[in-house]
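Visitor: Right, I'll just put the structure down here and ask away after.
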Amino acid sequence: MQLILHLVRLFFRGGALMLVLLALTLGLTGLAGAFSDRLDISNHFAPIWLVLALAGALVGAVVSRRSERWAIVVMGVLALLAHGGLMAPELIAAQTRKADPGPATLKIVQFNAWASNDDPTEALEWVLAQDPDVLFVEEGGGSAWALVGPLRRLYPFVVSCVGNTRPCDTWIFSKKKMVARGGVYDRDRPFSAAWATLADPKGPFTVVATHYVWPIPAGRQQVQTRRLAEMLGGFDKRAMIVAGDFNSTPWSWSLRRQDKLFGLERRTLALASWPSGAFTRLFKAPFPFMPIDHVYAGKEWKTVSVKRGPHLGSDHRPVVILLKRS
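Encoded structure:
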């Protein structure tokens with residue numbers, strides 16, 4: 449019995465050491481991500497590494513001995529500081545942001561509908577109940593076409609990433625008249641975006657939808673950011689709205705650079721939207737923990753509210769934003 453207890457203790461001591469070493473290594477790597485897109489990849493998963501660091505430090509404090517205990521706890525604390533330092537600015541901004549009292553003059557919904565959506569009927573019913581003025585949709589093909597198809601008939605103005613004549617992955621649906629619209633789709637250098645300039649009593653404004661690739665392998669997503677930023681430069685940004693699945697979290701250096709490059713205010717602060725439901729054949733997410741769906745808006749828009757929608761058969765949650773134009 450003593451042997452078994454000793455082996456169990458060794459297992460937990462070794463496990464605690466492994467967890468804090470892994471978390472600390474990734475934390476230091478993440479800080480170096482400020483200079484390397486490849487090293488920045490681990491920062492997208494900072495909440496996971498933070499939990500591992502905390503778990504390792506707590507277990508080590510309980511089961512380890514003397515100097516070993518202090519070494520594990522110190523490494524755990526350093527890892528917590530590294531990952532927490534990356535996440536803190538976003539979390540503080542989300543808590544201290546002051547919403548405009550309204551009333552809202554524009555309601556928008558951002559939703560990656562997922563090509564493998566297992567309940568597009570429920571998604572359609574929810575969207576219609578929300579009745580947004582502008583709806584941004586990504587991954588509108590596959591089983592999600594059961595959502596996109598009816599929306600094409602119900603909304604008076606529609607554009608996809610190949611214009612208004614053919615289906616594509618990225619969509620904009622609008623109640624407001626599109627005085628100009630277009631799309632960009634590049635299969636060779638992956639990039640998709642749809643745009644439309646909408647009529648409004650306070651003056652026309654441009655909305656843009658996009659869908660980025662994953663941050664792995666490094667480099668492709670950053671190319672998309674530069675390409676989209678160049679595209680946005682051709683429009684008036686004062687009342688511009690940009691939304692999409694950026695596959696990038698706010699504790700990455702990549703998204704921080706994008707925020708500055710766009711010259712717009714990101715309104716989705718620390719709003720986790722992925723994963724939701726059964727995002728693979730084997731795993732079902734208990735709750736979303738990665739903020740990768742984002743909405744940007746120009747300085748003429750005041751934020752009234754930002755909310756995350758329910759699970760709608762997609763691996764992403766929708767985002768509902770109310771804005772007021774000043």
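Per the numbering used here, the sequence shown starts with residue 449, numbered consecutively.
Backbone N, C-alpha and C define an ideal beta-carbon position, used for all residues, glycine too.
Would you say the stretch 698–718 touches the stretch 732–744, given that touching needs at least three Cβ pairs under 8 Å?
Guide: Counting Cβ pairs under 8 Å, three or more are found: they touch.
Visitor: Helix, strand or coil: which one does DSSP assign to arginine 765?
Guide: For the purposes of this step, residue 765 is taken as residue 317 along the sequence shown, with counting starting at 1. Correct three-state label for arginine 765: coil.
Visitor: With 16 other CB atoms within 10 Å as the buried threshold, where does aspartate 684 fall?
Guide: Within the sequence shown, residue 684 is the residue found at index 236, counting from 1. Exposed, since its Cβ has fewer than 16 Cβ neighbours within 10 Å.
Visitor: State buried or exposed for threonine 569, treating a residue as buried only when at least 16 other CB atoms are found within 10 Å of its CB.
Guide: Sequence index remark: in the sequence shown, residue 569 carries index 121 (1-based). Flag for threonine 569 reads exposed.
Visitor: Answer with buried or exposed for valine 582, where buried requires no fewer than 16 other C-beta atoms within 10 angstroms of its C-beta.
Guide: Taking the first residue of the sequence shown as 1, we reach residue 582 at position 134. Buried, since its Cβ has 16 or more Cβ neighbours within 10 Å.
Visitor: If you follow the beta strand (DSSP E) that phenylalanine 710 is part of, which residue opens it and which one closes it?
Guide: Numbered from 1 along the sequence shown, position 262 holds the residue referred to as residue 710. That residue, phenylalanine 710, is in no beta strand (DSSP E); its alpha helix (DSSP H) goes 701–710.
Visitor: Tell me, which residues are paired with leucine 771 by DSSP?
Guide: As a first step, residue 771 must be located in the sequence shown, where it is residue number 323. Partner(s): Leu554 and Thr751.
Visitor: Between the stretch 576–591 and the stretch 647–654, do at least 3 Cβ pairs fall closer than 8 Å?
Guide: Judged by Cβ distances under 8 Å, the stretch 576–591 makes no contact with the stretch 647–654, as fewer than three pairs qualify.
Visitor: Going by other Cβ atoms of all chains shown within 10 Å of its Cβ, with 16 needed for buried, is glutamine 706 buried or exposed?
Guide: Reading the sequence shown from its first residue, position 258 is the one you call residue 706. With 16 or more other Cβ atoms within 10 Å, it is buried.
Visitor: At what residues does the beta strand (DSSP E) containing glutamate 586 begin and finish?
Guide: As a first step, residue 586 is located in the sequence shown; it is residue number 138 there, counting from the start. Unbroken beta strand (DSSP E) run through glutamate 586: 582–586.
Visitor: Is the separation between the beta-carbon of glutamate 538 and that of proline 698 shorter than 8 Å?
Guide: Here residue 538 is taken as the residue at index 90 of the sequence shown, counted from 1. Here residue 698 is taken as the residue at index 250 of the sequence shown, counted from 1. Cβ atoms of glutamate 538 and proline 698: closer than 8 Å.
Visitor: Using CA atoms only, rank isn't needed, just tell me which of Gly550, Ala536 and Pro551 is closest to threonine 544.
Guide: Residue mapping note: residue 544 aligns to position 96 of the sequence shown, counting from 1. Threonine 544 has its Cα closest to that of Ala536, out of Gly550, Ala536 and Pro551.
Visitor: Who are the near neighbours of proline 598 in its chain, counting only those whose CB is closer than 8 Å to its CB and skipping five residues on each side?
Guide: Stepping through the sequence shown from its first residue, residue 598 is reached at position 150. Correct list, in chain order: Leu572.
Visitor: Any contact between the stretch 593–610 and the stretch 621–632? By contact I mean 3 or more CB pairs, one from each, below 8 Å.
Guide: These segments touch.
Visitor: Could you have a look at valine 607 and say whether DSSP puts it in helix, strand or coil?
Guide: Numbered from its first residue, the sequence shown carries residue 607 at position 159. Looking at valine 607 - three-state DSSP - the assignment turns out to be strand.
Visitor: Are alanine 542 and alanine 726 close, meaning C-beta to C-beta below 8 Å?
Guide: What you label residue 542 is simply residue 94 of the sequence shown in a count that begins at 1. What you label residue 726 is simply residue 278 of the sequence shown in a count that begins at 1. It is not a contact, given that the beta carbons lie outside the stated cut-off.
Visitor: If you check the beta carbons only, do threonine 477 and leucine 465 fall under 8 Å apart?
Guide: Along the sequence shown, one-based indexing puts residue 477 at 29. Along the sequence shown, one-based indexing puts residue 465 at 17. No, the Cβ-Cβ distance between threonine 477 and leucine 465 is not below 8 Å.
Visitor: Three or more C-beta pairs closer than 8 Å, one from the stretch 491–505 and one from the stretch 523–536: is that the case here?
Guide: A contact exists between the stretch 491–505 and the stretch 523–536.
Visitor: Beta carbon of proline 736, beta carbon of serine 696: below 8 Å?
Guide: For the purposes of this step, residue 736 is identified with residue 288 of the sequence shown, where counting begins at 1. For the purposes of this step, residue 696 is identified with residue 248 of the sequence shown, where counting begins at 1. In this structure, serine 696 does not lie closer than 8 Å to proline 736 by Cβ.
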